[in-house]
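Oh and the sequence shown: position 102 is 101 in numbering that gives the first Met the number 0, straight run, nothing missing. Input: a single structure, listed below in structure tokens.
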Amino acid sequence: MDYLADCRSRIAFDLLAHTWSSVVVWALRHGPQRPVVLRKRIGGISAKALNETLRRLEHSGIVERRAYREAPPRVEYRLTGLGTTLIGPLEVLGEWAHAYGDEVTAAQERQETAAGARSAGVGDDSSRFLVSASARVQK
0 MDYLADCRSR
10 IAFDLLAHTW
20 SSVVVWALRH
30 GPQRPVVLRK
40 RIGGISAKAL
50 NETLRRLEHS
60 GIVERRAYRE
70 APPRVEYRLT
80 GLGTTLIGPL
90 EVLGEWAHAY
100 GDEVTAAQER
110 QETAAGARSA
120 GVGDDSSRFL
130 VSASARVQK
């Protein structure tokens, strides 16, 4: 399968690329939730970010909003049928993250350390590479 700018796969990539989308979908997998409960369950998400994410997912047909005519007013969000089809792929992605998350974190830390050293003027990666390469050639 080719992943091109206008391919259908891009719909899924764009949808799940947002920071909180997959987390919100995962948190709704067991049934309807009120926004306050979702925020507590997820942790670390602001009310604004949660609201924007829920609206984006609702716009895409992944989440359904249900408002109850009660006093005080009550709103719940639930996955639609389309939204529930994302649970399997998210589970697989979560398994990948569990298996390889340490490697990704280590690579990110190496890059940040190298970037910090470069910005502090401590050597240049390309010059170290050239020195290392020339040393191997001389052997």
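Virtual Cβ for every residue (Gly too), placed ideally from N, Cα, C. Keep in mind that this is a model prediction, so the values were computed, not measured.
First and last residue of the uninterrupted beta strand (DSSP E) at L15: Mapped onto the sequence shown, residue 15 falls at position 16. Here L15 belongs to no beta strand (DSSP E); instead the alpha helix (DSSP H) covers 8 to 16.
Given that a residue counts as buried once 16 or more other Cβ atoms are within 10 Å of its Cβ, and exposed if not, what is A119? Numbered from 1 along the sequence shown, position 120 holds the residue referred to as residue 119. Its Cβ having fewer than 16 others within 10 Å, A119 is exposed.
Candidates A11, A113, R109: which alpha carbon is nearest S59's? In the sequence shown, residue 59 corresponds to position 60, counting from 1. If you compare the alpha carbons of A11, A113, R109 with that of S59, the shortest gap goes to A11.
On the DSSP letters alone, give me the boundaries of the alpha helix (DSSP H) that E108 sits inside. For the purposes of this step, residue 108 is taken as residue 109 along the sequence shown, with counting starting at 1. 86 to 118 is the span of the alpha helix (DSSP H), which, as asked, contains E108.
Status (buried if at least 16 other CB within 10 Å, exposed otherwise) for S133: To locate residue 133, count along the sequence shown from 1; it is residue 134. Because the pLDDT of S133 is 40, which lies under 50, any placement of that residue in the model is unreliable, and the number read from its coordinates should be weighed accordingly. By the neighbour-count criterion, in which a residue is buried when 16 or more other Cβ atoms sit within 10 angstroms of its Cβ, S133 is exposed.
Which residue spans inside the region 40 to 93 form an unbroken alpha helix (DSSP H) run of at least 4? Segments of the alpha helix (DSSP H) lying fully in the region 40 to 93: 46 to 58, 80 to 83.
Following a CB-centred definition, is A26 positioned closer than 7 Å to any heavy atom of the ligand GDP? Only the bare structure without any ligand can be found here, which leaves the ligand GDP out of the picture.
Could you tell me the alpha carbon to alpha carbon distance between A113 and R7, rounded to whole angstroms? One-based indexing of the sequence shown puts residue 113 at position 114. One-based indexing of the sequence shown puts residue 7 at position 8. Whole-angstrom Cα-Cα distance: 37 Å.
Cβ-Cβ distance between R55 and S20 below 8 Å: Residue mapping note: residue 55 aligns to position 56 of the sequence shown, counting from 1. Residue mapping note: residue 20 aligns to position 21 of the sequence shown, counting from 1. Cβ distance < 8 Å, so R55 and S20 count as in contact.
Count the other C-beta atoms from every protein chain shown that fall within 10 angstroms of the C-beta of A46, then say buried if there are 16 or more, exposed otherwise. As a working mapping, residue 46 is identified with position 47 in the sequence shown. Counting the other Cβ atoms within 10 Å of the Cβ of A46 gives fewer than 16, which makes it exposed.
Can you list, in chain order, the residues of its chain whose CB lies under 8 Å from that of R26, leaving out five sequence neighbours each side? The sequence position of residue 26 within the sequence shown is 27, counting from 1. The residue asked about is misnamed: residue 26 is Ala in this sequence, not Arg. So the list reads Q32, L37, R40, I41, once near-sequence residues are dropped.
Count the other CB atoms, across all protein chains shown, that sit within 10 Å of the CB of G82; report buried if there are 16 or more and exposed otherwise. Taking the sequence shown and counting its residues from 1, one reaches residue 82 at position 83. With 16 or more other Cβ atoms within 10 Å, it is buried.
Beta-carbon within less than 7 Å of A48's beta-carbon, same chain only, minus the 5 sequence neighbours each way: which residues are those? Numbered from 1 along the sequence shown, position 49 holds the residue referred to as residue 48. Contacts found: W19.
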